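*Asks:*
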Amino acid sequence: MDKGKNPGKSKVVSKPEKIYRELREIIQEEALRFLPAKSLCKFKAVCRDWNRQISTPFFEHSQSFAFRSISGLFCQSLDGSISFISLDPISFGIPDPSLKFLPEPVDLIASSHGLLCCRGRTEEKAYYICNPVNQHWKKLPNPEANHGQNPLLVLVFEPSLLNFVADYKLLCAFPSTDFDGAYEFEIYSSIENSWKISSEIWFGENGRILKTGGVHVNGVVYWSSNSYSIIGFDLKKQRVKVFSAYDMYGSNTLYMIDKKLCVSIRKGSELTTWVLSNEYANTMHMEARSQTWKQKKVVLSNAGGDSGGATHDSEGIVLAVGSDVIVYPKGSKIFIYGLRTKEATEVSSKAEFILENVYVPYVNSLVCL
4 MDKGKNPGKS
14 KVVSKPEKIY
24 RELREIIQEE
34 ALRFLPAKSL
44 CKFKAVCRDW
54 NRQISTPFFE
64 HSQSFAFRSI
74 SGLFCQSLDG
84 SISFISLDPI
94 SFGIPDPSLK
104 FLPEPVDLIA
114 SSHGLLCCRG
124 RTEEKAYYIC
134 NPVNQHWKKL
144 PNPEANHGQN
154 PLLVLVFEPS
164 LLNFVADYKL
174 LCAFPSTDFD
184 GAYEFEIYSS
194 IENSWKISSE
204 IWFGENGRIL
214 KTGGVHVNGV
224 VYWSSNSYSI
234 IGFDLKKQRV
244 KVFSAYDMYG
254 SNTLYMIDKK
264 LCVSIRKGSE
274 LTTWVLSNEY
284 ANTMHMEARS
294 QTWKQKKVVL
304 SNAGGDSGGA
314 THDSEGIVLA
324 VGSDVIVYPK
334 GSKIFIYGLR
344 TKEATEVSSK
354 AEFILENVYV
364 PYVNSLVCL
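Just so we're aligned: the sequence shown equals residues 4 to 372 in this note's numbering.
Printed below as a string of structure tokens:
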């Protein structure tokens with residue numbers, strides 16, 4: 004007698020159900036890590052499996068590597084109060100936008116891939132690194148040098164699949180006390196948990212380094228200067244490099260796209276961008292056709308419509324540039340221009356641009372300290 008199972012009573016999985024299961028597994032294993040932190044916190048309620056997966060340190064690490072989109076702007080007003088302007092309130096958000104989870108009131112300094120650098124407002128002027136999403140924070144040891152009231156500081160953090168612990172650096176350019184008009188550089192390493200002053204000194208042949216616009220690209224930190232040049236500091240070689248930028252005069256914005264340094268200047272609805280294509284072009288023979296910078300232009304269609312007043316105060320400002328969006332003010336309003344949709348939309352009727360405020364772009368990441 005055949006004692007096998009009756010084929011008629013075996014569990015049959017229908018084709019639609021099988022497709023649903025496969026799709027659910029694909030979303031869980033492959034797609035979730037590309038979502039912002041606020042959305043993931045909501046998705047914990049979908050089921051136990053999703054809650055368990057999203058809560059694991061491995062997933063948090065994976066998400067910090069996969070999600071890179073600009074999520075909003077931290078804003079600090081003249082009275083010291085801090086708020087968060089979300090580019091999409093449904094998807095992007097912060098539990099405590101005021102950063103009151105930190106042990107003291109702070110000033111916004113810089114951000115990088117989900118980490119935020121702040122400086123205490125007390126006499127100590129202590130630096131803090133934090134992730135406002137999970138409210139993890141760390142107080143850094145005091146630097147050796149005096150960084151001044153408005154430090155020229157850049158936070159360097161590149162998420163890596165190989166490093167489960169956030170490995171970041173801070174680079175601060177500060178006026179030399181030994182040489183007039185010169186700049187020295189101090190570097191903080193999270194691995195060593197210490198500051199070190201570099202032996203490199205830049206004597207300011209190309210003017211003064213500007214506070215706005217510091218950015219890290221491929222191991223080099225760049226700043227704008229007030230004399231038609233871009234100043235770069237190579238973190239590995241600890242050497243300064245200078246690039247001519249005669250066409251880029253004005254209120255420019257430095258950022259990275261596709262691992263290349265970009266410099267943008269906005270004039271009304273037109274955004275002109277220079278991409279550093281060959282930093283060695285000026286050392287090549289005269290017949291070489293390679294250029295240091297490549298230029299392209301974007302017209303911000305509609306330019307945000309009605310300005311809401313005081314257009315002249317904001318017409319040249321760019322608040323943030325990402326791989327798919329440009330964030331800029333027009334009058335008292337803040338707009339997002341989609342590079343794919345070619346459309347400009349107002350961020351929020353409640354978000355008011357004030358020229359004197361400090362704006363720092365932020366990525367909604369689960370990165371842990």
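All C-beta atoms in this analysis are idealised placements derived from N, C-alpha and C, irrespective of residue type, glycine included.
The structure displayed is predicted, hence computed values, not measured ones.
Exposed or buried, histidine 288, counting other C-beta atoms within 10 Å across all chains shown (16 or more means buried)?
*Replies:* Residue confidence is low: histidine 288 scores 43 on pLDDT, short of 50, so the model does not pin down where it sits. Its coordinate-derived value is still stated next. Per the 10 Å Cβ criterion, exposed.
*Asks:* In angstroms with no decimal places, state the Cα-to-Cα distance between threonine 314 and proline 39.
*Replies:* Low local confidence applies: a pLDDT of 46 at threonine 314 is under 50, so the model's placement there is unreliable, with the coordinate-based value given in what follows. Straight-line Cα distance between these residues: approximately 33 Å.
*Asks:* Exposed or buried, what is threonine 276 when buried is set at 16 or more other beta-carbons lying within 10 Å of its beta-carbon?
*Replies:* buried
*Asks:* In terms of residues, what are the limits of the alpha helix (DSSP H) holding arginine 51?
*Replies:* It spans 51-57 - the alpha helix (DSSP H) in which arginine 51 sits, taken as one unbroken run.
*Asks:* Within 8 Å, do at least three Cβ pairs link the region 51-65 to the region 108-117?
*Replies:* Two segments are said to touch when three or more pairs of C-beta atoms, one from each, lie closer than 8 Å; by this definition the region 108-117 does not touch the region 51-65.
*Asks:* Along the alpha helix (DSSP H) that carries asparagine 60, what are the first and last residues, could you check?
*Replies:* It should be noted that the sequence gives proline, not asparagine, for residue 60. Run containing proline 60: 60-69, per the alpha helix (DSSP H) assignment.
*Asks:* Cα separation between alanine 185 and serine 201?
*Replies:* 13 Å
*Asks:* Secondary structure at phenylalanine 1, three-state DSSP: helix, strand or coil?
*Replies:* Because the chain spans 4 through 372 in this model, residue 1 falls outside it and cannot be assessed.
*Asks:* In this structure, does DSSP put cysteine 44 in helix, strand or coil?
*Replies:* helix
*Asks:* Using the three-state DSSP reduction, which class does glutamate 187 fall into: helix, strand or coil?
*Replies:* Note: glutamate 187 maps to strand in three-state DSSP.
*Asks:* Taking the alpha-carbon positions, what's the valine 243 to phenylalanine 95 distance?
*Replies:* 37 Å
*Asks:* Just list the residues that DSSP pairs asparagine 134 with in beta bridges.
*Replies:* Partner(s): His139.
*Asks:* Anyone know if the C-beta pair for leucine 158 and proline 135 falls short of 8 Å?
*Replies:* no
*Asks:* Work out the CA separation of phenylalanine 37 and threonine 295 for me, nearest whole Å.
*Replies:* Counting only the Cα atoms, phenylalanine 37 lies some 34 Å from threonine 295.
*Asks:* For leucine 372, which residues in the same chain have their Cβ closer than 6 Å to its Cβ, ignoring the five residues on either side in sequence?
*Replies:* So the list reads His139, Lys141, Ala169, once near-sequence residues are dropped.
*Asks:* Closest to glutamate 195 by C-alpha separation, out of Leu342, Thr215, Leu173, Gly75, would be which residue?
*Replies:* Leu173
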